[in-house]
Ligand code: TRP
Ligand code: SF4
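Residue numbers (our numbering): 9 to 335.
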């Protein structure tokens, strides 16, 4: 069975963008492939090294949400990167065959160095981030890597590193392919891409009052100032959420009524709110259960990591042999 690997940085409780972007995809893939899904805690450390204390609690909360949406630890191997230290060993070996120029050219590197001002990203590990990601993928000899568009250059680099390794030492790694998540980018409450770091996210587990407050104050079509102004759903971030979370008949209704000012934005948001609640209430209940039982999550991650480690250790034996480094 072809193998799939993907990782997520431990951001704590997840939001609607994670659900539609990554998780829905992962849920489908766990039925069709041998899947390894992991918490990229070392990746978090490359940017958040100054205060690592949130990483552990966020790991448990995030995986609680994975389970709450329906990822099944009996189908997919769910694990924590740092519990499989072979990732670090392969990272070191791959770093030897990766030219600096390849890393300096990675778009996320340049962008984040310029845009993230509150952290000093002049550290060595931050530049090497994509090599660690390559190790995460290649150590499972993965065929497919489900990621968002922003991660495609990292997968391209992984392929280049694999090719370079194979040419120097012999064929060990298949070249993995990105599986693009086709979900539309969800806007957050301010209309920019939904992201925890922008503070514009709606969580799967937001209590009803908070969720309503976020929707009530969410930006709409900026041209629709007064209740009597007709609106344009095509440019409205609220409507973008309707497209994903409301049934077709609600979409048709809201779309038509917005255009002729037959419905106000608050009514429109209320319809969305009800649909979101219906979809999220069962997820929030399960998430609360796991939040109350962190031991259960922890144990399942330890077991998943043990399984992942067996697989990683097999690859490492082949890697050491190929490099004539076996003892
Ligand atoms: N870099 C990815 C992100 O920020 C997370 C990640 C780390 C990952 N290692 C990976 C994704 C391996 C896919 C495969 O989203
Ligand atoms: Fe957006 Fe709905 Fe207001 Fe139209 S009615 S502008 S779709 S929030």
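Glycine included, every Cβ here is placed at the ideal spot set by N, Cα and C.
**OP:** Determine the direct distance from the alpha carbon of residue 189 to that of residue 265, and round the result to whole angstroms.
**Re:** Counting from one through the chain shown, the residue named residue 265 turns up at place 257. Counting from one through the chain shown, the residue named residue 189 turns up at place 181. So the alpha carbons of these two residues sit roughly 32 Å apart.
**OP:** Pick helix, strand or coil for residue 313, following the three-state DSSP scheme.
**Re:** If you number the chain shown from 1, residue 313 lands on position 305. Residue 313 falls in the helix class under three-state DSSP.
Subject >> First through last residue of the beta strand (DSSP E) which encompasses residue 85 >> reply: The sequence position of residue 85 within the chain shown is 77, counting from 1. Residue 85 -> beta strand (DSSP E) spans 85–88.
**OP:** Report, in whole angstroms, the separation of the C-beta atoms of residue 144 and residue 185, which I expect to be a contact under 8 Å.
**Re:** What you label residue 144 is simply residue 136 of the chain shown in a count that begins at 1. What you label residue 185 is simply residue 177 of the chain shown in a count that begins at 1. In fact, because the Cβ distance is near 15 Å, the residues do not count as touching under 8 Å.
Original post:
So does the stretch 100–109 actually touch the stretch 50–58, counting three or more Cβ pairs closer than 8 Å?
Top reply: no
**OP:** Please report how far the alpha carbon of residue 46 lies from the alpha carbon of residue 36, in whole angstroms.
**Re:** Along the chain shown, read from residue 1 onward, the residue named residue 46 stands at position 38. Along the chain shown, read from residue 1 onward, the residue named residue 36 stands at position 28. Approximately 16 Å between the Cα atoms of the pair.
Original post:
Applying the criterion that 16 or more other CB atoms from any shown protein chain within 10 Å of the CB defines a buried residue, is residue 318 buried or exposed?
Top reply: Reading the chain shown from its first residue, position 310 is the one you call residue 318. Exposed is the call here.
Original post:
Taking 6 Å as the cut-off, does the CB of residue 26 come closer than this to any heavy atom belonging to the ligand TRP?
Top reply: Stepping through the chain shown from its first residue, residue 26 is reached at position 18. No, the ligand TRP has no heavy atom inside 6 Å of this Cβ.
**OP:** Output the boundary residues of the beta strand (DSSP E) element that contains residue 300.
**Re:** Locating residue 300 in the chain shown gives position 292, where the first residue counts as 1. Residue 300 -> not in any beta strand (DSSP E); alpha helix (DSSP H) instead, spanning 273–300.
Subject >> Check: residue 15 C-beta below 6 Å from any heavy atom of the ligand TRP >> reply: Reading the chain shown from its first residue, position 7 is the one you call residue 15. Flag set: Cβ of residue 15 near the ligand TRP.
Original post:
residue 289 to residue 316, Cα distance in whole Å?
Top reply: Counting from 1 along the chain shown, the entry for residue 289 is found at position 281. Counting from 1 along the chain shown, the entry for residue 316 is found at position 308. Computed Cα separation, rounded: 32 Å.
Original post:
How would you call residue 66, buried or exposed, if buried means at least 16 neighbouring beta carbons within 10 angstroms?
Top reply: Residue numbering aside, residue 66 sits at position 58 when the chain shown is read from its first letter. That one is buried.
Subject >> heavy atom of the ligand SF4 below 6 Å from residue 246 C-beta >> reply: Working through the chain shown from its first residue, we reach residue 246 at position 238. For the ligand SF4, at least one heavy atom lies less than 6 Å from the Cβ of residue 246.
Original post:
Which runs of the beta strand (DSSP E) spanning at least 3 residues fall entirely within the stretch 204–271, listed in chain order?
Top reply: none
Subject >> Boundaries (first-last residue) of the alpha helix (DSSP H) holding residue 338 >> reply: Examination of residue 338 is not possible in this model, given that the chain is present from 9 through 335 alone.
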